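Worksheet: the structure to be examined is printed underneath.
2 protein chains.
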Amino acid sequence: METVADNQNVKTVKKLEKMFGHIDYRHPPELCPVRDVMSVASDQWSTLIILWLGYFPVLRFNKLKKFVYGISNKVLSQRLKVLEADGYIERNAYPEVPIRVEYSLTEFGQSYVEKLLELTEWMQANSPKVLANREKYGLL
Amino acid sequence: METVADNQNVKTVKKLEKMFGHIDYRHPPELCPVRDVMSVASDQWSTLIILWLGYFPVLRFNKLKKFVYGISNKVLSQRLKVLEADGYIERNAYPEVPIRVEYSLTEFGQSYVEKLLELTEWMQANSPKVLANREKYGLL
DNA sequence: TCATATAGTTACTTTTTGTAACTTACTCTT
DNA sequence: AAGAGTAAGTTACAAAAAGTAACTATATGA
Numbered sequence: 001m002e003t004v005a006d007n008q009n010v011k012t013v014k015k016l017e018k019m020f021g022h023i024d025y026r027h028p029p030e031l032c033p034v035r036d037v038m039s040v041a042s043d044q045w046s047t048l049i050i051l052w053l054g055y056f057p058v059l060r061f062n063k064l065k066k067f068v069y070g071i072s073n074k075v076l077s078q079r080l081k082v083l084e085a086d087g088y089i090e091r092n093a094y095p096e097v098p099i100r101v102e103y104s105l106t107e108f109g110q111s112y113v114e115k116l117l118e119l120t121e122w123m124q125a126n127s128p129k130v131l132a133n134r135e136k137y138g139l140l
Numbered sequence: 001m002e003t004v005a006d007n008q009n010v011k012t013v014k015k016l017e018k019m020f021g022h023i024d025y026r027h028p029p030e031l032c033p034v035r036d037v038m039s040v041a042s043d044q045w046s047t048l049i050i051l052w053l054g055y056f057p058v059l060r061f062n063k064l065k066k067f068v069y070g071i072s073n074k075v076l077s078q079r080l081k082v083l084e085a086d087g088y089i090e091r092n093a094y095p096e097v098p099i100r101v102e103y104s105l106t107e108f109g110q111s112y113v114e115k116l117l118e119l120t121e122w123m124q125a126n127s128p129k130v131l132a133n134r135e136k137y138g139l140l
């Protein structure tokens, strides 16, 4: 049953939406591009892949696998496919023997990696606080 | 077997590490605070919870559940616990009947939500490109 | 006495991930 | 000429995470 508070929140949301224009994430993913796109791009493995490709202009499958420590062939290959489909990375295969496949960021991927680096820097700076908090919480 | 290219990359990484000082994410999560902390904070559900708490200073369990469209009681309750443990949010329970529990961002959570909003804005601005790319890729 | 409300929890099912062995095709070694 | 090595994956199976829906406690109001 809707309460007065509910309606107030709904109004506030509408207002905020007008102000900011970017709070679509209250919708289910299939109706909300932001949720949809974000679920691919900020997946744990995807971010690591993209960050490494931000450092090295081109990396091959097995090299990437070494840098993205702990990823399996299966997941790496899956993620590379969706990241390619979404336009972040580029795949170039050279029919040598054995085959050589090079992955690199697209221009679009480059622009994303910059955002990602900011977040990573925040994480780097703040992870000690989180770890300390976690420890304190564990004692309660 | 290590190749020359391998060693070059390792050297380059070391160099980059000195320059940037924040590429710890090549380690496994249990040795890399950044990967560890990020896996909690940029989880899909966590980000939505934090974003909503960025809009509303305090939200109760069921209200949060309505905003974070599609989340289940189980996962919401799990995420709230770890977000509290990690110091992003605060839980305040009032022993009324029925019980009232209020969630809100800590100061630390506030600082994170700002970073998160930047990322969300980028997503909002760029999701059309991603969707277009995805469509084009689907036709290949 | 029975329905209502909040903030969860629990048992069970389904989906997603992880593991490790296998594949293909050619070249290099013995 | 047989066998090992190599890059970039794929596949079948096991384990973990997530989703589903019913259930709990406690007091209030009908």
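In order, the protein sequences belong to chains A and B.
Quick note: the first sequence uses full-length UniProt numbering, first residue 1, plus one each step.
Quick note: the second sequence uses full-length UniProt numbering, first residue 1, plus one each step.
Quick reminder that beta carbons are idealized off the backbone N, C-alpha and C, glycines included.
Computed from a predicted structure; not experimentally measured.
- With fewer than 16 other CB atoms across the displayed protein chains lying within 10 angstroms of its CB, G138 (chain A) is exposed.
- Separation of L119 (chain A) and S39 (chain A) (C-alpha to C-alpha, rounded to the nearest whole angstrom) is 16 Å.
- The C-beta of A85 (chain B) comes closer than 8 Å to at least one C-beta of chain A.
- Using a CB distance below 9 Å, the part of the stretch 121 to 137 of chain B facing chain A consists of E121, W122, M123, Q124, A125, N126, S127, P128, K129, V130, L131, A132, N133, R134, K136, Y137, ordered along the chain.
- The contact set of P33 (chain A) on chain B, defined by CB atoms closer than 9 Å, consists of M123, Q124, S127, P128, V130, L131 in chain order.
- Its chain contains Y94 as the residues whose beta carbon lies nearer than 6 Å to that of R100 (chain A), once the 5 sequence neighbours on both sides are disregarded; these appear in chain order.
- Here DSSP, grouped into helix, strand and coil, assigns S111 (chain B) to helix.
- In the three-state scheme derived from DSSP, where H, G and I count as helix and E and B as strand, V58 (chain B) is classed as coil.
- In the DSSP secondary-structure assignment, R100 (chain A) is bridged to A:Y94.
- Residues of the same chain with a CB within less than 8 Å of the CB of T106 (chain B), apart from the 5 flanking positions on each side, are G87, Y88, I89, E90 in chain order.
- In the DSSP assignment, S77 (chain A) falls within the unbroken alpha helix (DSSP H) covering 73 to 85.
- Counting the other CB atoms within 10 Å of its CB gives P98 (chain A) a total below 16, which places it among the exposed residues.
- Beta bridge pairing from DSSP links L64 (chain A) with no other residue.
- Within the stretch 33 to 55 of chain B, those residues whose Cβ lies closer than 9 Å to any Cβ of chain A are, in chain order, P33, V34, R35, D36, V37, M38, S39, V40, A41, S42, D43, Q44, T47, L48, L51, W52, Y55.
- Contact check for N133 (chain B) against A85 (chain A) passes: the beta carbons are separated by less than 8 Å.
- By the CB criterion at 8 Å, L80 (chain B) and Y55 (chain B) fall outside the cutoff.
- The C-beta distance from L116 (chain A) to L51 (chain A) rounds to 6 Å, short enough to meet the 8 Å contact threshold.
- Excluding residues up to 5 positions away in sequence, nothing lies with its Cβ nearer than 8 Å to the Cβ of W122 (chain B) in the same chain.
- Within the stretch 89 to 113 of chain B, the residues whose Cβ lies closer than 7 Å to some Cβ of chain A are F108, listed in chain order.
- Distance check between Q44 (chain A) and each of A:N62, A:V58, A:L83, A:A125 places A:L83 closest, using alpha-carbon atoms only.
- With 16 or more other CB atoms across the displayed protein chains lying within 10 angstroms of its CB, N126 (chain A) is buried.
- Put simply, the CB of K74 (chain A) is far from chain B, with every gap to its CB atoms at 8 Å or more.
- One finds K115, L119 in chain B with Cβ atoms closer than 7 Å to the Cβ of L119 (chain A), taken in chain order.
- Annotation for S39 (chain B): the continuous alpha helix (DSSP H) segment containing it runs 33 to 41.
- If the five residues before and after V37 (chain A) are omitted, its C-beta is found closer than 8 Å to the C-beta atoms of D86, all from its own chain and listed in chain order.
- The three-state reading of DSSP puts L116 (chain A) in helix, counting H, G and I together.
- In this structure, the alpha-carbon of L131 (chain B) lies about 13 Å from that of F108 (chain A).
- Taking the C-beta atoms as reference points, L48 (chain A) is found nearer than 8 Å to V68 (chain A).
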